[in-house]
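Start counting at 1 in the sequence shown, then tack on 24, and there's your number in the numbering used here.
Glycine included, each C-beta is placed from N, C-alpha and C at the ideal position.
What follows is a single structure, written as structure tokens, with notes after it.
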Amino acid sequence: MFLSTNTWSGGTESNEILVNPYQVVQTKGGLAAFKKEIFYVAVLAALAIAIGVFTIFQYKNRVRQMLFVALNSLLIGAAVAVSVYHVKYDAMTLHGAGEGKFEIGLYAGFAALALNWLANRFIKKDEKMVKDADRMR
């Protein structure tokens, strides 16, 4: 969801500014007046997706799985932080004093962080249950 939606939008119909994981773009009258490529945000998000999928299949080694979840949280946090940075220092300076709004793309990053936290919590709980079961033998 983070890769396919805008992070922030602001301005009027004649002067619109959009921030997504690929670029910061300002359009005036339908033409791009300013465009800054920020593909590294999309690369961070794609790495987080790849590590997340890889982590799912590491269920036989829960300690390694917890390490990958922690790494995934760092990547997601970095992608969200860099997106907010570009909103604050690129988009809002282009926009001036007008208002803009955060879009679903930013909230998807925060939701991913929350779900990563839950995943880590349940992996730890599962590891504890396995250790307790081994102790009873």
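Residue nearest to residue i in terms of C-alpha spacing, selected from the options
| i | options | result |
| --- | --- | --- |
| GLU61 | VAL93, TRP141, ARG159 and HIS110 | HIS110 |
| GLU151 | GLY54, VAL67, ARG88 and VAL48 | ARG88 |
| GLY10 | SER97, PHE134 and ALA57 | The structure shown does not extend to residue 10, since the chain spans only 25 to 161, so no value can be given for it. |
| ALA70 | VAL93, LEU91 and LEU99 | LEU99 |
| ALA94 | ASN144, MET116, LYS148 and TYR113 | ASN144 |
| GLY101 | TYR131, LEU42 and GLY35 | TYR131 |
| LEU118 | SER28, LEU42, PHE26 and VAL65 | LEU42 |
| ALA56 | GLU37, VAL65, LEU68 and ALA66 | GLU37 |
| SER28 | TYR83, GLY129 and LYS112 | GLY129 |
| THR79 | ASP158, ILE147 and GLN47 | ILE147 |
| VAL65 | THR31, MET90 and TRP141 | THR31 |
| GLN47 | GLY54, ALA72, GLN82 and SER107 | SER107 |
| ASN140 | LYS112, TYR83, GLN82 and MET90 | MET90 |
Cβ-Cβ distance between residue i and residue j below 8 Å
| i | j | result |
| --- | --- | --- |
| ASN44 | LYS52 | no |
| GLU123 | SER33 | no |
| LYS59 | VAL49 | yes |
| PHE26 | ALA103 | yes |
Assigned exposure category for residue i - 16 Cβ within 10 Å defines buried
| i | result |
| --- | --- |
| ASN85 | exposed |
| ALA115 | buried |
| PHE63 | exposed |
| GLY133 | buried |
| TYR154 | Looking at the sequence shown, residue 154 is not Tyr but Val. Looking at its Cβ environment, which holds fewer than 16 other Cβ atoms inside 10 Å, VAL154 is exposed. |
| ALA138 | exposed |
| ALA136 | buried |
| GLY35 | buried |
| PHE92 | buried |
| ALA157 | exposed |
Residue span of the alpha helix (DSSP H) that contains residue i, given as start and end
| i | result |
| --- | --- |
| LEU99 | 86-110 |
| LEU71 | 63-80 |
| LEU42 | Looking at the DSSP string, LEU42 is not in any alpha helix (DSSP H); the run it does join, the beta strand (DSSP E), is 39-43. |
| THR117 | 116-119 |
Segment limits, beta strand (DSSP E) that includes residue i
| i | result |
| --- | --- |
| THR4 | Residue 4 lies beyond the range of the chain shown here (25 to 161); nothing can be said about it. |
| PHE126 | 124-126 |
| SER33 | 32-35 |
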